[in-house]
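Have a look at the structure below, then the notes.
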Amino acid sequence: MKTMRRTRLRSNKLSYLVPTIASAAILVACTGNLATKSASQRIGFVAGAGGFQKMAVTNQAFFDALAENGYSNGKTLDVVFRTADGDMTRMPSLVKEVLNDRVDILVVSSSPGCAAAKAATTTVPVLCISVQDDPVKAGLTASLTNPTGNIVGVHSYLADGISQQLDWLSRFVPHLTTLAVLYNPQNATHVRLLSEWTELAGKRSIRIVQAPVVKAQDIDAAVKNAIHQNAQIGIGLLGADTYALRKDIADSASSNHFPIAMDTPGGYTQMGGVATIGVDIVPLYRKGALDLMVPMLQGKRPSDLAWIGPDKVSAKINRTVAQSFGLTVPANTVAE
5 MKTMRRTRLR
15 SNKLSYLVPT
25 IASAAILVAC
35 TGNLATKSAS
45 QRIGFVAGAG
55 GFQKMAVTNQ
65 AFFDALAENG
75 YSNGKTLDVV
85 FRTADGDMTR
95 MPSLVKEVLN
105 DRVDILVVSS
115 SPGCAAAKAA
125 TTTVPVLCIS
135 VQDDPVKAGL
145 TASLTNPTGN
155 IVGVHSYLAD
165 GISQQLDWLS
175 RFVPHLTTLA
185 VLYNPQNATH
195 VRLLSEWTEL
205 AGKRSIRIVQ
215 APVVKAQDID
225 AAVKNAIHQN
235 AQIGIGLLGA
245 DTYALRKDIA
255 DSASSNHFPI
265 AMDTPGGYTQ
275 MGGVATIGVD
285 IVPLYRKGAL
295 DLMVPMLQGK
305 RPSDLAWIGP
315 DKVSAKINRT
325 VAQSFGLTVP
335 ANTVAE
């Protein structure tokens with residue numbers, strides 16, 4: 005009897021224990037899934053141009069560099085992506101939309117995008133990329149080397165950048181006296197840069213012809229006006245807005261037989277554009293990912309880091325197109 009009773013007791017204990025173990029197993033499985041999900045950091049990315057499935061070459065360089073270091077969407081990152089499609093007036097609303105998704109870090113491109121992020125949050129860490137003008141002068145930070153607050157980033161501004169670009173343009177067109185500058189009058193950065201172009205060109209006795217372009221339909225009229233004012237060559241200022249229109253600009257330059265260089269990467273010369281003259285920002289996007297974004301994902305604050313900038317202006321040229329315009333091709337120009 006005692007033996008039978010012990011057996012029953014053990015049996016009863018096991019019957020109570022089995023569901024407990026099963027419940028524990030379910031709990032571990034659930035919490036395991038939760039742990040995996042919580043390990044994924046949510047980042048917001050507001051691009052000036054280009055989508056998520058078909059990215060701009062700059063944004064692709066950024067995400068490729070992150071993936072090489074173990075940070076990829078759907079695994080260790082949950083990316084909330086928005087694009088302005090070249091319309092900088094949408095930046096403030098897109099930034100607020102992404103912040104409402106409670107992102108851990110906000111990445112935003114362009115000077116207008118960075119200004120929108122600065123106005124929208126003082127608590128969420130912000131990484132600005134492709135800031136076109138001096139971040140200090142633009143009021144985005146008090147210091148490049150010792151930033152305070154929640155913002156750090158990558159800029160493409162060089163104190164002598166415009167002077168270097170004028171040097172390159174003068175090599176393409178010896179005896180340059182009249183230069184057209186394509187800019188977006190709704191982009192505050194472009195307006196500031198246009199003023200610098202006008203001042204520095206004036207010191208070289210080069211007259212600037214303003215060529216305002218907001219949308220694709222404005223390009224032809226701007227180009228025809230530049231030709232009417234005897235401009236010898238044009239340059240489009242760097243920005244997500246002009247980046248989005250680069251194919252239209254190349255086409256207009258070709259149809260009107262007027263050479264227009266672009267201060268932007270992204271295959272302009274492959275699209276029939278004559279040249280890109282400016283800072284190559286693709287490596288800067290990659291550097292921003294490696295030297296700023298990765299440390300931020302690892303817990304560094306923006307104030308622990310420093311802004312990254314360029315060191316030179318370079319030129320890439322489509323030799324066939326340049327020759328069709330009768331331009332001089334400097335020997336040290338990279339051909340594409």
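Residue 5 is where the sequence shown starts when you use this note's numbering, and the numbers rise one by one after that. Ideal Cβ positions, reconstructed from N, Cα and C, are used throughout, including at glycine. Here the structure is a predicted model, which means the values were calculated and not measured.
Of the residues assessed, His-261 falls on the exposed side of the cut-off, its CB having fewer than 16 other CB atoms within 10 angstroms. The bridge partners DSSP lists for His-159 are Val-135. Under the DSSP assignment, Pro-96 falls outside any beta strand (DSSP E), being part of the alpha helix (DSSP H) whose first and last residues are 95-103. In the displayed model, Arg-106 falls within coil according to three-state DSSP, outside both helix and strand. As summarised for the segment 161-189, the continuous beta strand (DSSP E) elements at least 3 residues long and confined to that stretch are 182-187, given in chain order. When DSSP reads this structure, Thr-87 sits in a beta bridge with Ala-51.
Nearest C-alpha to Gln-327 among Ser-307, Ile-223 and Gly-277: Gly-277. Beta-carbon to beta-carbon, Tyr-272 and Thr-280 are separated by about 5 Å, close enough to satisfy the 8 Å threshold. Looking from the CA of Val-317, the closest CA among Gln-168, Asp-295 and Val-298 belongs to Gln-168.
With 16 or more other CB atoms across the displayed protein chains lying within 10 angstroms of its CB, Asn-154 is buried. Ranked by how close their Cα comes to the Cα of Ala-230, the residues Gln-214, Asp-315 and Ala-293 have Gln-214 in first place. As summarised for the segment 219-250, the continuous beta strand (DSSP E) elements at least 3 residues long and confined to that stretch are 237-240, given in chain order. Ser-113 carries a strand assignment under DSSP once its states are collapsed to helix, strand and coil. Apart from the 5 residues on each side of it in sequence, Thr-149 sits with its Cβ closer than 8 Å to the Cβ of Ala-310 and Trp-311 in its chain, given in chain order. Burial state of Asn-104 is exposed, judged by a 10 Å Cβ sphere holding fewer than 16 other Cβ atoms. Taking C-beta separations shorter than 6 Å and ignoring five residues to either side along the sequence, the partners of Gly-90 in its chain run Ala-53, Ala-244, Asp-245 and Ala-248, following chain order. The continuous alpha helix (DSSP H) containing Gly-292 extends over residues 285-292.
With a cutoff of 8 Å on beta-carbon distance, Ile-133 and Gly-165 are scored as not near each other. Put simply, of Ala-146, Ser-115, Asp-137 and Thr-152 the residue whose alpha carbon is nearest the alpha carbon of Pro-129 is Thr-152. In this chain, Ser-307 is not harboured by any beta strand (DSSP E), its DSSP state being neither H nor E.
Counting only the Cα atoms, Tyr-161 lies some 23 Å from Phe-67. Contiguous alpha helix (DSSP H) elements confined to the segment 312-336 occur at 323-329, taking only those with 4 or more residues. Using a 10 angstroms sphere on the CB of Gln-221, the tally of other CB atoms stays under 16, which defines it as exposed. Comparing alpha-carbon positions, the option among Lys-228, His-194 and Ala-257 lying closest to Leu-241 turns out to be His-194. Restricting attention to Ser-199, Leu-180 and Lys-228, the CA atom closest to the CA of Arg-208 is found in Leu-180. In this structure, Ile-109 places its C-beta atom within 8 Å of the C-beta atom of Leu-131. With fewer than 16 other Cβ atoms inside 10 Å of its own Cβ, Pro-287 counts as exposed. Residue pairing from DSSP places Pro-216 in a beta bridge opposite Tyr-187. With a cutoff of 8 Å on beta-carbon distance, Leu-296 and Ile-237 are scored as not near each other.
The criterion of a C-beta distance shorter than 8 Å is satisfied by Ser-115 and Val-135.
Only residues of its own chain outside the window of five on either side were considered, and among them Val-84, Val-102, Val-107 and Leu-110 have a CB closer than 6 Å to the CB of Gly-48, listed in chain order.
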